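Be aware that the sequence shown starts at 18, since it is given in my numbering, and climbs by one per residue.
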Amino acid sequence: MRSCEHYRFIERHRPYRDLTFKFYSDGALTIIDNNAESVVTPKELKGESLDFYVRKRISFIKSDLAAKKQKYA
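What follows is the structure in structure tokens.
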């Protein structure tokens with residue numbers, strides 16, 4: 018079963034984007050610009066939003082590795 022974690026991030030500096038990050042258990046990612054109602058790619062992120070994405074992605078990877086280690090160790 019594919020689960021999903023949602024995070025909302027609002028940039029504090031221009032262009033003040035309101036973003037929703039959806040991290041799926043299979044490693045997939047969807048980033049939605051809530052104001053423009055469009056999908057954003059990680060390449061389009063800058064500054065705070067890019068930092069937020071990288072930190073959440075690293076956290077997801079660490080959690081996934083720990084779960085796999087516990088399951089198979």
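Each residue gets a CB set at the ideal place from its N, CA and C atoms; glycine is no exception. Quick caveat: nothing in here was measured; it's all calculated off a predicted structure.
Three-state secondary structure assigned by DSSP to residue i
{"i": "ARG25", "result": "strand"}
Closest residue to residue i among the options (Cα-Cα distance)
{"i": "THR10", "options": "ASN52, TYR70, GLU65", "result": "Residue 10 lies beyond the stretch modelled for the chain, which goes from 18 to 90, so this question has no answer here."}
{"i": "ILE93", "options": "PRO32, PHE26, SER42", "result": "Only positions 18 to 90 of the chain appear in this structure, which leaves residue 93 out of reach."}
{"i": "GLU61", "options": "HIS23, ILE78, ARG34", "result": "ARG34"}
{"i": "GLU22", "options": "GLU28, PRO32, ASP43", "result": "ASP43"}
{"i": "MET18", "options": "ARG29, TYR24, TYR41", "result": "TYR41"}
{"i": "ARG29", "options": "ALA53, LYS63, LYS86, SER20", "result": "LYS63"}
Identified DSSP bridge partners for residue i
{"i": "PHE3", "result": "Nothing can be reported for residue 3, as the shown portion of the chain is limited to 18 through 90."}
{"i": "PHE35", "result": "The question names Phe, but residue 35 is Asp in the sequence shown. ASP35 is bridged to ILE27."}
Burial state of residue i, where buried means 16 or more other Cβ atoms lie within 10 Å
{"i": "LEU36", "result": "buried"}
{"i": "SER66", "result": "buried"}
Q | 3-residue-minimum beta strand (DSSP E) runs that sit fully inside the segment 49-79, ordered along the chain | A | Within the segment 49-79, the complete beta strand (DSSP E) runs of at least 3 residues are 55-57.
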